[in-house]
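**Student:** To start, I am sharing the structure in question, which I have written as structure tokens.
In our numbering, the protein residues as written are 757 to 1274.
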């Protein structure tokens, strides 16, 4: 149900004051209309739910939940209580069915491109671009994915591990020396951006207390990612790109109307500036003014190749933006949650610490980690898995039905969006005993197929799956093998208007050096 205070909150947070009146007018119309539209929608296909008004549906309620400290999944959680595990709703003009089971996930993910395709809301597709790996057709997806794979190859990842470990080690040492409490989310977002990982520049939960590390102190990640992809080092250029990327991600869950002052309008304008800037960089390289060895240059060196072995400029630019936007915030958020979960589960923390210290004892002082070291982190890998299961940085995976079909006896119509609810699956007590308990040892046993899907599955499995895991392992190694920490703000509330779950506080911590394993 849409409440009047939700509308006021939505208007205040999603639009500038020039458009508040218009939004409230629409809201009042919705409230009045609901008197006549309050009956439950017909259970087409046997799926319960409420579709609401044409086009609008329950979009305002969804955005209101996204603007709360419980996060957008509260919208799903409430409807599951009202309607049952399977339910349908209408969001942004489209009918959405939330699929809560591993069986349903298998039926959809195993038939990607056959019966289902990616089903992002229009604002998200507009933000990343029509040539993005996230939006293209099956044939183009295979070609683009193959050409984007090089940064994620084992050869590239081997180099990445050492670079990331070196950067992370130095940064943590500086933080301990400064003796300040710092916001982990800010730090990890910047640490990740500095490497091949930053793919999601979402706006960061800044903290203004003087003892906390601020965004400017922790830009190492974003800068590193841009350096890896395009060899960008100029400070003013980096900060402008970062600002525009933040505006783009802020527009991903918004009404796709080009109304001045709205988040969508600002995001699309920022995207246009980014495309113009990337186009200028490409032009300079083609003129021979610069030719550094990086990801972008490797793409441009394919200019003379056949069409199926290269990307055109729009494909390059859309996918550079996608890489910058798609992985950084998710990995940074997962790193943040790992520290929170380990802080609350000291037994798991100590077991992980002992494993990491056993690896450190066999290495020279200051020696960097290798892929071989990471492969020895058996319990560390389970901590990573359990963190991903519980944090659900990707709440659900959106698909759209390419034709009429049935899922577990429920009728799905062509054009309906089916959302694979990874959160519901990962917290299913039939799949995981005591699912609310952080227990890495549960992964001692082999999991049921499609019961653990933090990176999706099938032909659209996340391209950066190995990089994300390795990044988390390096991070956990340095955190537990070299330090102890205290969480300075245990506030469990989530950041507002973030399309992935992140703590509002950013998880500020204080580090203390670990001496001789004590």
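Glycine included, each C-beta is placed from N, C-alpha and C at the ideal position.
So the candidates are 1035, 1036 and 1004; which of them puts its Cα closest to the Cα of residue 1023?
**Tutor:** Checking every option, the nearest Cα to that of residue 1023 belongs to 1004.
**Student:** Taking residue 1214 and residue 866 to be in contact with their CB atoms under 8 Å, please state how far apart those CB atoms are, rounded to whole angstroms.
**Tutor:** That pair is a contact at about 6 Å.
**Student:** Examine the Cβ distances between the region 1213-1231 and the region 862-877 and report whether three or more of them are shorter than 8 Å.
**Tutor:** Cβ pair count under 8 Å is three or more, so yes.
**Student:** Excluding five sequence neighbours on each side, which residues of the same chain lie with their C-beta closer than 6 Å to the C-beta of residue 1259?
**Tutor:** Contacts found: none.
**Student:** Within this structure, are the beta carbons of residue 803 and residue 842 separated by less than 8 Å?
**Tutor:** Yes.
**Student:** Does residue 1265 come out as helix, strand or coil in the three-state DSSP assignment?
**Tutor:** Residue state, collapsed to three classes: strand.
**Student:** According to DSSP, is residue 1001 part of a helix, a strand, or is it coil?
**Tutor:** Here residue 1001 sits in helix by DSSP.
**Student:** Pop quiz: residue 1187 and residue 863 are said to be a contact at Cβ under 8 Å. What is the actual Cβ separation, rounded to whole angstroms?
**Tutor:** Not really, about 16 Å apart at Cβ, beyond 8 Å.
**Student:** Taking only runs of the alpha helix (DSSP H) that begin and end inside the region 1170-1207, which ones reach a length of at least 4 residues, in chain order?
**Tutor:** With a minimum length of 4 residues, the continuous alpha helix (DSSP H) runs that stay inside the region 1170-1207 are 1178-1182.
**Student:** Would DSSP call residue 1100 helix, strand or coil?
**Tutor:** Residue state, collapsed to three classes: helix.
**Student:** My assumption, with CB atoms under 8 Å, is that residue 1181 sits in contact with residue 1207. Please give the rounded CB distance.
**Tutor:** Yes, residue 1181 and residue 1207 are in contact; Cβ-Cβ is about 6 Å, under 8 Å.
**Student:** On the CB-based measure, 16 or more other CB atoms within 10 Å of its CB, does residue 926 come out buried or exposed?
**Tutor:** Looking at its Cβ environment, which holds fewer than 16 other Cβ atoms inside 10 Å, residue 926 is exposed.
**Student:** Alpha carbon to alpha carbon, how far is residue 845 from residue 1156?
**Tutor:** Spanning the two alpha carbons is a distance of roughly 14 Å.
**Student:** Taking contact to mean 3 or more Cβ pairs, one atom from each stretch, closer than 8 Å, check whether the region 982-999 and the region 851-859 are in contact.
**Tutor:** Touching, no.
**Student:** Check whether the region 1071-1083 and the region 909-926 touch, using three or more Cβ-Cβ pairs below 8 Å as the test.
**Tutor:** No, the region 1071-1083 is not in contact with the region 909-926.
**Student:** For residue 793, which of helix, strand or coil comes out of DSSP?
**Tutor:** Bear in mind that a pLDDT of 42 at residue 793, under 50, signals an unreliable position, so the number given afterwards is only what the model happens to contain. DSSP places residue 793 in coil when its eight states are reduced to three.
**Student:** Span of the beta strand (DSSP E) holding residue 1243?
**Tutor:** Element bounds for residue 1243: 1239-1243.
**Student:** List, from N- to C-terminal side, the alpha helix (DSSP H) runs of 4 residues or more that fit wholly inside the region 1128-1160.
**Tutor:** Fully enclosed alpha helix (DSSP H) runs of 4 or longer: 1134-1147.
**Student:** Using the C-alpha atoms, what's the distance from residue 820 back to residue 1199?
**Tutor:** The straight-line gap from Cα to Cα measures roughly 36 Å.
**Student:** Looking at the strands, I want to know which residues DSSP matches up with residue 1033.
**Tutor:** Answer is none; residue 1033 lacks a bridge partner.
**Student:** Whole alpha helix (DSSP H) runs in the region 854-923 with 4 or more residues, listed along the chain?
**Tutor:** Counting whole runs of 4 or more residues, the region 854-923 contains the alpha helix (DSSP H) stretches 858-865, 878-884 and 894-904.
**Student:** Can you name the residues that DSSP bridges to residue 845?
**Tutor:** Bridge partners of residue 845: 806 and 852.
**Student:** Can you give the Cα-Cα distance for residue 1104 and residue 1008, rounded to whole angstroms?
**Tutor:** Each residue's Cα considered, the two are about 36 Å apart.
**Student:** Near residue 1122, what residues of its chain come up, given a Cβ to Cβ distance below 6 Å and the 5 sequence neighbours on each side ignored?
**Tutor:** Nothing meets the Cβ criterion.
**Student:** So for residue 1168, helix, strand or coil by DSSP?
**Tutor:** Residue state, collapsed to three classes: strand.
**Student:** Given this structure, state the Cα-to-Cα distance separating residue 1238 from residue 1133, to the nearest angstrom.
**Tutor:** Cα to Cα, residue 1238 sits roughly 16 Å from residue 1133.
**Student:** Leaving out the 5 sequence neighbours to the left and right, which residues in its chain are closer than 6 Å to residue 1072 when beta-carbon positions are compared?
**Tutor:** Excluding residues within five positions, the ones whose Cβ falls inside 6 Å are 1055.
**Student:** Which residues in the same chain as residue 797 place their Cβ atom closer than 7 Å to its Cβ, once the five residues preceding and following it in sequence are excluded?
**Tutor:** Low confidence applies to residue 797: its pLDDT is 46, below 50, so where it sits in the model is not reliable, and the reading given next is rough at best. Closer than 7 Å at Cβ, skipping near neighbours: 805, 806 and 807.
**Student:** Grab me the residues of residue 1212's own chain with a C-beta within less than 7 Å of its C-beta, minus the 5 sequence neighbours each way, in chain order.
**Tutor:** Excluding sequence neighbours, residue 1212 sits near 865, 1153 and 1218.
**Student:** Apart from the five residues on each side of it in sequence, which residues of its chain come closer than 7 Å, Cβ to Cβ, to residue 1184?
**Tutor:** Taken in chain order, the residues that qualify are 1191.
**Student:** Exposed or buried, which one is residue 1147 when buried takes at least 16 other CB atoms within 10 Å?
**Tutor:** The residue in question, residue 1147, is buried, as its Cβ has 16 or more Cβ neighbours within 10 Å.
**Student:** Tell me whether residue 1172 is buried or exposed, calling it buried when 16 or more other Cβ atoms sit within 10 Å of its Cβ.
**Tutor:** Under this definition residue 1172 is a buried residue.
**Student:** Output the distance between the C-alpha atoms of residue 1086 and residue 1220, rounded to the nearest integer angstrom.
**Tutor:** Rounded to the nearest angstrom, the two C-alpha atoms are 11 Å apart.
**Student:** Determine which residues share a DSSP beta bridge with residue 813 and list them.
**Tutor:** DSSP output for residue 813 lists 809 as bridge partner(s).
**Student:** Would you kindly check if the distance between the Cβ of residue 1125 and the Cβ of residue 1255 is under 8 Å?
**Tutor:** No, these two residues do not count as a Cβ contact at 8 Å.
**Student:** From residue 1142 to residue 894, what does the alpha carbon distance come to, in whole angstroms?
**Tutor:** Between residue 1142 and residue 894, the C-alpha separation is close to 32 Å.
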